[in-house]
Structure formats: structure tokens, C-alpha cells
Amino acid sequence: MRRKLNAKLGILSLYVAIAISIGFLLIFIFSIFYKGSSVLSWSFLFSAPRAAMTEGGIWPALVGTFWLSFLAVLISVPVGILSAVYLNCYAQKGNWVSLVKICVNTLAGIPSIIFGLFGMALFVNLMGFQVSLLSGALTLAVVSLPIVINASYEAISSVSGDFMEASYALGASKRQSILRIMIPTAMPNILTSVILVTGRVAGETAPIMFTAATFFNRQLPRSVFDEVMALPYHIFALMTEGTHADQQVPIAYGSALVLLLLVLLISGSALILRYQLRKKRQW
Amino acid sequence: MKKLYDSLFYLITLICAVGTMIMLAGIIISIFNEGLPLFRHVKIWDFLFGTFWYPTHAEAEFGISTLIVGSLVVTLGALVIAIPLGLGSAIFISEIAPAWLREICKPLIELLAGIPSVVYGLFGMALLAPMIRQLFHLDSGLNAFTAAIILGLMVLPIISSMCEDALQSVPKALREASLALGATRWETITRVLIPASRTGVIGGVLMGFGRAIGETMVVLMVAGGSAQMPKSIFQSVRPMTAAISAEMGETVFRDIHYQSLFAIAIVLFIITFGFSLLSETMGRKR
Amino acid sequence: MVKIKTSNLNLHFGQNHVLKNVNLEIEEKKITAIIGPSGCGKSTLLRTFNRMNDFKDDMKISGSIMVGDQDIYLDKIDLSHLRAKVGMVFQKPNPFPKSIYKNVSYGLDIQGKFSKSEIQAKVEESLCAAWLWEEVKDRLHSPAMSLSGGQQQRLCIARALANSPEVLLLDEPTSALDPQSTARIEELCVALKQRVSILIVTHNIAQAGRISDYTAFMYLGEVVEYADTSQMFTVPKDKRTEAYLNGVFG
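Residue numbers (the numbering used here), protein chains in the order written: chain A, 2 to 284; chain B, -16 to 269; chain C, 3 to 252.
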């Protein structure tokens, strides 16, 4: 009887664990939607903040986040894929590859605030880019690089060696086989991770605090050397700076809802894509 | 021509890979380069174990023990929440849930991992903190306890997905063997599955620790921010990441305060680096 | 004496009718072999006797199975108790990643009603009965994975014996083993029938001929023929049995 009881209680505790986890998620998302939707409107999306952040919208922050993420991914994706190709196809298997992989994994485990400090020391100060869109995008590119490399490496490794052999047998060189067979075959999987990385990058705050983001800027960036507003930083600033909390908090909720929708949309589409690909996969 | 392009392509991939390593080296070099000069003015011992963090006073003091303790309290609190919930969810998804429920639960937990940290911070600040304040009759809801809850929920999906992978890698034959010997499902889970997947579970916990101690926005917004030794978990703390991010804006390039913040980053880096190496070797053993 | 009796046993997995009207009477303390081509439902039949099919979500079963004088598909049946009483050994040796000793004591440990010395005695006795004691007595606490494949399978038998089962179900227990280990397990089975009733699923016809007292031939979910082994192997009644025994299909 005691065994039966233990088993019942044990399994029950698992139900409790999953219920708390998912219950929290639902409360979380519901509360952001509930509080955020009251300020959401077209003019909120497409106008600039006014009256010391107590009124107006988030358009400059949206544009800033778009450019930051776009440029970061534009830099990290080619570099990441090519690094993965090197690791997979050219590097001697053994110590050298495991060293590079340890570096990549270490890079992935570094707290984002340290990336922010690094970006500030290197891009802002040493290279003299100042606090700018460029410094922020470069910093975010470094943040996303290990994720892109790991994902591409996995995707490329899963391409069957038979395809490559067939390509060699037809007289293609290694480069041609990689560019025409290997990468295209791995592309759908790489693409999924690229989308996921974009979502992650768009939501990062700590790396851009000292490299790109500004609290308030009515203008849209005109060059990569301008400071920009960014949605995540905007939320943080609304909550911690300024003196009109009662007017700023609703705007923060609205911004959070937009950011959340953006990120969920991006990662949701990646998940759907992955699901579709798994179904279609034929080799 | 073809040969030339082949070599060129090889060279480009090599440059990218080496560039990645240089980036890592660059990160390490830059934080050490900016942080180490502090120790010309402050002894390492006083820095690590000093209890006063007054970086802007006329008689400035740079003891970060309160910051380290702040980080540890919040991180361990987060793990106390995340380990049972994460492991429990993983076991539920992997062992108990029928297929249709698993298909719902798994992406939902993954969703939890995709939410930007600043949104967690907002939730903690604007919603959870007032609730905690009322519930426990505190002066402020921005304290180590609230931060630990939020941080725990952020770390939960990491622990959950690592544990689930580990459980999935246990052969089905072991489950059957245990059940066929008369063990209940629960006995099979606790006596066979968890022991068999323990390296993966521990790896997940280590990874969760590394992630939690390095998390910035949540502790910056929710932990309260006073650099004091907490006497209870309901007191305000200033974890290392919060100190760096809150104070960097006030510093002047390469003044002593700036250097001290980079020195904190060195400590943080060494801790997280240690943990990622540890979880890496755990994974290797498997 | 009849140990197991199935009446009008039918089993579905979703739309698949896997077992069709199975009526069998398994004799106590004999070896009964179940043979037939792959996919004929022989493993599924074996797994009905300790209800290991219960974990499949879409399983439906009707009819009854009596083990001794118990209908094992009643709701009030204690599955843990049933599975201790009806032991099972699987196709591939599947020792737990624990020590040899812990593997054998597992079933007793979870019951939680035996003292340490009782467990110790039972472990030794079971290992002896599975002819493994001499080989492992000096390294009881080394990992079970360090044993050879044949030893691992005998460990799995010892593990089942420790529960003092009345019936032992063997699901192609030698298909992953080399000929020598196979011979040893076959001899062991014959020796074990003094203490337990044995049901063995095998696709090795010669093996069934060597060790079993009775044989059931299954085809497409039905028991086509069930008889004394020597009789079935010399004068099969059904055309399909004859064809299978002669290697026409399989």
C-alpha cells in the first residue's frame, strides 16, 4: 500500500510541476497582453515618443531594433556558416577542432553583459565607433556567432556523406561540392536557426546598453554611426528612468507586448518551419 | 582558375574560424586589459573579500563580497525553484504525458526560453514585486526573493530541455526491464531513469547556474540594488551583473571605477567559464 | 496442471487486430515455445501475460487470461505484484547501469519488505540458479555492463528469479547471443523448469525443438496449432505449420 501511495504522490508531483511551469507562462503572457493591449494602436506603433516619454509611440525604437538585429545577423550568419564549413570539411579532426569547438561553446556561455563590456571597450572606445548602431550591431553579431556556428555545424554534419561522394565522383571539387550540395542541403535547417537567432538578438538588452542604445531620440538613425533607440532598452528605460511612473509603465507594457509579439512571431515561424521540414525530409 | 577558387574558398573559411577564436581571445583580453589595472590601487584580497562597495565616495572602497553574495543568493534561490520544476516538467513530458499532450507542453516550455529577459524584468517589477510586498508585508517587493523567482522561471526551460534530452537517451529496454520486475512507474523513474541520466541532469543544472549568475536585466530591475550583506532573502541585493550595468554609465573611460567594473566582469567570466567547462566535461563523459 | 489459461483473447492496437481469438492452456513447470513468422503476434501474446502491452495508448483487449486462479485483467489487479509473479526476460540483455548485485536485488529492494540479509541470501540463490554465481561471486559490486552478452542475459534471468516468479516469459532470449552462450541459456531453461513454468518466444525452430515440451505455432495473430512438441515436429496437423517448419516461409 505504501508503494502505491508513493507512486501516486510521485506522479502527482510531476503534474504539479508541469502545471506550475505552464501556468506561469500563461499568466505571464496573459498579463502582458492584458496590460499592453490597452495602449496598443497604430499611432502607438508609428509615432515617436513625446512629452518626456510620457506620451507618444515607439516607432524609433522599432526601427532601431530592426536595424540592430538585421545588421547583426547579416554579419554573423555568413561568418558563422563559413566557420562551420571549415570545422566540418577542412579542419583536421582532433585537437584543433575540439579546441575551436570549446572556444565556441565558451563564447556561447559568456553572460551577455560581458559582451556589452567587450563591445564598449573594442568598438566604442578602441575603434572609435562611439555609441552607435554599428557598435551595437557588431556586439550583437558576436553574441549570436556561437549560436549560428553550432547550429550550422549540426546541420552540415547531418548531410549524408553519400551526396558529397556522388558530387566528387562527377568531377566537382571540394569547394563546388560544399557550395552546391552540402550547404543547399543543410540550408533549411540552418535557416531555422538563423530565424531563432534573430529573435534572440532582437530581445537582447545588456549588450546594447553601452554600445548602441539611447534613452530618447526622436529622429530615426541616418547612418550606422548614429545612436539608436531599441525596443528592449526602451522598456528598461521606461521602467527605471524618468519621473512619471504612472504614465510610463503602461507605455512599457505596450512596448513589451510589441516586443513579445515580435519575438514569438519570429520563433514561432521557426518552429513551424522546423516541423514542416521534419515532415518533408526524405533522406 | 578552379584551383585558385578552391584555395581562396578554403582561406575564407579558415579566416572565419580563426576570427571566431580571435573574438573569444579578444573578449578575454579586453576585460582583463581594462580590469587588471585596478589591482595597482586595490589589493586582490580586499577586492574579493572587502565588504564595502563605495566606488564613488571620496574615500572609495572596492570590496565586492556583498555583490558576490548577492549573485549567489539570487542564483541559488533561482535553482531551488528551477530544479524541481524543470526536472519535474522534463519527466512529465518524457515519461508520463501521452503523445498529444507532449506536443503541447514541449513547445510551450520552449516558448518560455524565447521571451526576452527585459520582459521578464518588467513582469517582475510591475506585477510580481507589488504582490510579494503585500503578501509578506515588506517595505519593497524589489528584493532577492522576487528576483530569484523570476530568474528561476527563466532558467527552468534550460534545465527542463537538458533533462529531457538525458531521459530520452535512456534506452527503452531499461524502462521495460524495471516495469517487468514489478516496479511502479514512479519507482522506475526514481531508481532507474534518474540514476541512468544523472550526468545529463547535472549538466543541465550547471548550465542553469551559469546562465542565472550571468543574467543581467532581471536582477538589475528586480533585485533592489543595495550593496549590503542580505540578512534574509527578503532584502534588497546588488548582484555583480546589476552593479556593472547600473554603474557603467556613471564612469569615465579608464578611471578607477570603470576598471573596478571590468574587474567584476573578470570574476564573473571566470565563474561562468568554469561552469561551462564543467558542464562540457559532464557531457563528454556521457 | 494448467498454469495459464486464455479464453477468447483478442487484442487490437488501434485498427490492427493483432491477436485473434487465442485459446491456450499452458502447463505448469513445463517449457512452452511460441513460434511463428515475424509479425505474427507472438511477442504481443507473451506480453499480455504480464500486461506489458498496457503502456501502448491505443491498446484494446477482450477475453480473459487466468494465471493460476487469478484473472489478471481485472481492474483490482496489482500490476507490481503480477509482474513480480510473472517474470520476463527480453530479446536484448538489458541490465541496469548499476552493479551486478544491485541488478538482482532491484525487485526485492522496491518491494521494501525484506531485510538486508534476506536480500543477500536471495541474490546469491538467484545467481546460483541462473548459473552465474561462480563467475561473479568475487565481483558482485562491479558494473553489470562489464559482463559478456551471455552473462548479461543470465543476469537478467537471475534478476527475474529473485522475485520468486511462478512463470518466466522469455522473449527471444538468445537472438542477440553467440552459439555458445545460446547453448548455455538453453540448458539453463531446461534446468529451471523444476521451479517455474516457462514460456519462450523464438524464431529459431530448432531451439523450440530442443528445449520445449509444448509448442504453439502462430500465424497472422492466430494460434494455428498447439501440441506436444515432438508430435508437432514429426506430424504437424495443419498445412501452414508444416510449411513453416520446413522453412517454406518465415
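Virtual Cβ for every residue (Gly too), placed ideally from N, Cα, C.
### Message
Please report whether the beta-carbon of Val229(A) lies at a distance below 8 Å from any beta-carbon of chain B.
### Response
By 1-based counting over the first sequence, the position of residue 229(A) is 228. For Val229(A), not one C-beta of chain B is nearer than 8 Å to its own C-beta.
### Query
Nearest-angstrom Cα distance between Leu1(A) and Ile191(A)?
What the structure shows of chain A is the stretch from 2 to 284, and residue 1(A) is not part of that stretch, so it cannot be assessed.
#### Entry: Status (buried if at least 16 other CB within 10 Å, exposed otherwise) for Leu171(A)
As a position in the first sequence, residue 171(A) is number 170, starting the count at 1. It counts as exposed.
### Query
According to DSSP, what are the bridge partners of Pro50(A)?
Working through the first sequence from its first residue, we reach residue 50(A) at position 49. Paired residues: Gly57(A).
### Query
Count the other CB atoms within 10 Å of the CB of Ala8(B); is the residue buried (16 or more) or exposed (fewer)?
As a first step, residue 8(B) must be located in the second sequence, where it is residue number 25. Exposed, since its Cβ has fewer than 16 Cβ neighbours within 10 Å.
### Query
Buried or exposed: Trp284(A), going by 16 or more other Cβ atoms within 10 Å of its Cβ?
Here residue 284(A) corresponds to residue number 283 of the first sequence, with the count starting at 1. Only weak support exists for where Trp284(A) lies, its pLDDT of 49 falling under 50; the value from the coordinates is given anyway. Exposed, since its Cβ has fewer than 16 Cβ neighbours within 10 Å.
### Task
Take the Cβ of His24(B) as the centre, count every other Cβ of all protein chains shown within 10 Å, and call the residue buried at 16 or more, exposed below.
Taking the first residue of the second sequence as 1, we reach residue 24(B) at position 41. By the 10 Å Cβ count, His24(B) comes out exposed.
### Query
beta strand (DSSP E) containing Ser64(C): first to last residue?
Here the question's residue 64(C) lines up with position 62 in the third sequence. Its beta strand (DSSP E) spans residues 61 to 69.
### Query
Got a sec: which bits of the region 86 to 99 of chain C sit with their beta carbon under 9 Å from any beta carbon on chain B, in order along the chain?
Ala86, Lys87, Val88, Gly89, Met90, Val91, Phe92, Gln93, Lys94, Pro95, Asn96, Pro97, Phe98, Pro99
### Best match in Leu157(C), Lys44(C), Lys5(C), Tyr108(C) for proximity to Cys130(C) [C-alpha to C-alpha]
Your numbering for residue 130(C) matches position 128 in the third sequence. If we check each option's Cα against that of Cys130(C), Leu157(C) comes out closest.
#### Entry: Contacting positions in the region 106 to 127 of chain C - beta carbon closer than 8 Å to chain A
Ile112, Gln113, Gly114
#### Entry: Rounded C-alpha distance that separates Val57(B) from Asn106(A)
Here residue 57(B) refers to the residue found at position 74 of the second sequence. Here residue 106(A) refers to the residue found at position 105 of the first sequence. If you take the alpha carbons of Val57(B) and Asn106(A), they lie about 25 Å apart.
### Message
Please classify His143(C) as buried or exposed, where buried requires at least 16 neighbouring CB atoms within 10 angstroms.
### Response
Taking the first residue of the third sequence as position 1, residue 143(C) is located at position 141. His143(C) comes out exposed.
### Message
Going by DSSP, what residue range makes up the alpha helix (DSSP H) through Phe219(C)?
### Response
In the third sequence, the residue the question calls residue 219(C) occupies position 217. Careful: Phe219(C) lies outside any alpha helix (DSSP H), inside the beta strand (DSSP E) at 216 to 221.
### Task
Say whether chain B places a C-beta atom closer than 8 Å to the C-beta of Ser199(C).
Along the third sequence, one-based indexing puts residue 199(C) at 197. Chain B contact via Cβ: absent.
### Query
What span of residues does the alpha helix (DSSP H) with Lys175(A) cover, start to end?
Here residue 175(A) is taken as the residue at index 174 of the first sequence, counted from 1. 175 to 178 is the span of the alpha helix (DSSP H), which, as asked, contains Lys175(A).
### Task
Anything in the region -15 to 1 of chain B with a Cβ closer than 7 Å to a Cβ of chain A? List those residues in chain order, please.
Of all residues in the region -15 to 1 of chain B, Lys(-15), Tyr(-12), Asp(-11), Phe(-8), Tyr(-7), Ile(-5), Thr(-4), Leu(-3), Cys(-1), Ala0 have a Cβ within less than 7 Å of some Cβ in chain A.
### Query
Tyr254(A) to Leu94(B), Cα distance in whole Å?
Counting from 1 along the first sequence, the entry for residue 254(A) is found at position 253. Counting from 1 along the second sequence, the entry for residue 94(B) is found at position 111. If you take the alpha carbons of Tyr254(A) and Leu94(B), they lie about 19 Å apart.
#### Entry: Reference Phe192(B); option with closest CA among His120(B), Gly257(B), Ile14(B)
Position 209 of the second sequence holds residue 192(B). Among His120(B), Gly257(B), Ile14(B), the Cα nearest to that of Phe192(B) is on Gly257(B).
### Of the residues Asn206(C), Pro175(C), Leu222(C), Gln182(C), the one placed nearest Ile200(C), counting alpha carbons only
Counting from 1 along the third sequence, the entry for residue 200(C) is found at position 198. Among Asn206(C), Pro175(C), Leu222(C), Gln182(C), the Cα nearest to that of Ile200(C) belongs to Pro175(C).
### Message
Once DSSP output is grouped into helix, strand and coil, what is the label at Met200(B)?
### Response
Within the second sequence, the letter at position 217 stands for residue 200(B). Here Met200(B) carries a helix assignment [DSSP, helix/strand/coil].
### Among Asn10(C), Gln17(C), Phe15(C), Ser177(C), nearest to Val24(C) - alpha-carbon criterion
Counted from its first residue, the third sequence places residue 24(C) at position 22. Comparing Cα-Cα distances from Val24(C) to each of Asn10(C), Gln17(C), Phe15(C), Ser177(C), the minimum goes to Asn10(C).
### Query
Of all the options Tyr108(C), Pro181(C), Ser166(C), which has the alpha carbon lying nearest to the alpha carbon of Ala146(C)?
Looking up residue 146(C) in the third sequence gives position 144. Of the candidates Tyr108(C), Pro181(C), Ser166(C), the one whose C-alpha sits nearest the C-alpha of Ala146(C) is Tyr108(C).
### Query
Considering Leu111(B), what are the terminal residues of the beta strand (DSSP E) in which it resides?
Taking the second sequence and counting its residues from 1, the one referred to as residue 111(B) is at position 128. According to the DSSP assignment, Leu111(B) belongs to no beta strand (DSSP E), since it is labelled neither H nor E.
### Query
With a Cβ-Cβ cutoff of 8 Å, do Pro222(A) and Leu134(A) count as a contact?
For the purposes of this step, residue 222(A) is taken as the residue at position 221 of the first sequence. For the purposes of this step, residue 134(A) is taken as the residue at position 133 of the first sequence. Yes, the pair counts as a contact, with Cβ atoms nearer than the cut-off.
### Query
Under the DSSP definition of a beta bridge, which residues are partnered with Gly89(C)?
Walking along the third sequence from the start, residue 89(C) turns up at place 87. DSSP lists Leu170(C) as partners of Gly89(C).
### Task
Could you tell me which of Asp60(C), Asp173(C), Gln196(C), Phe116(C) sits nearest to Val91(C), measuring between CA atoms?
What you label residue 91(C) is simply residue 89 of the third sequence in a count that begins at 1. When only C-alpha atoms are compared, the closest one is Asp173(C).
### Task
Give a yes or no on whether 8 Å exceeds the smallest Cβ distance from Ser224(A) to chain B.
Position 223 of the first sequence, counting from 1, holds the residue named residue 224(A). For Ser224(A), the nearest beta carbon of chain B is not closer than 8 Å to its own beta carbon.
### Task
Taking C-beta pairs closer than 9 Å, name the residues in chain C that Arg85(B) reaches, listed in chain order.
Working through the second sequence from its first residue, we reach residue 85(B) at position 102. Those within 9 Å of Arg85(B) in chain C number zero; the least Cβ separation is about 11 Å.
### Message
Just to make sure I have the definition right: I need the residues of chain B whose C-beta is within less than 8 Å of the C-beta of His83(C). Which are they?
### Response
Translated into positions along the third sequence, residue 83(C) becomes position 81. Ordered by position in chain B, the residues that pass the 8 Å Cβ test against His83(C) are Gly165.
### Message
Can you tell me where the alpha helix (DSSP H) holding Asn206(C) begins and where it ends?
### Response
Here residue 206(C) refers to the residue found at position 204 of the third sequence. Taken as a continuous stretch (DSSP letters only), Asn206(C) belongs to no alpha helix (DSSP H), as it is neither H nor E.
### Message
Suppose you measure from the CA of Arg201(A) to the CA of Ser(-10)(B); what does that come to, to the nearest Å?
### Response
By one-based count along the first sequence, residue 201(A) stands at place 200. By one-based count along the second sequence, residue -10(B) stands at place 7. Using only the alpha carbons, I get a separation of about 35 Å.
### Message
Residues of chain B with CB closer than 9 Å to the CB of Leu6(A), please, in chain order.
### Response
The residue given as residue 6(A) occupies position 5 in the first sequence. What Leu6(A) touches in chain B: nothing, since even the nearest Cβ is about 10 Å away.
### Query
At a CB-CB cut-off below 9 Å, which residues of chain B make contact with Arg161(C)?
Here residue 161(C) refers to the residue found at position 159 of the third sequence. Ordered by position in chain B, the residues that pass the 9 Å Cβ test against Arg161(C) are Ala160, Leu164.
### Task
Could you check what DSSP says for Val1(B) in three-state terms: helix, strand or coil?
Position 18 of the second sequence, counting from 1, holds the residue named residue 1(B). Residue state, collapsed to three classes: helix.
### Query
Buried or exposed: where does His235(A) fall if 16 or more other Cβ atoms within 10 Å of its Cβ makes it buried?
Here residue 235(A) is taken as the residue at index 234 of the first sequence, counted from 1. By the 10 Å Cβ count, His235(A) comes out buried.
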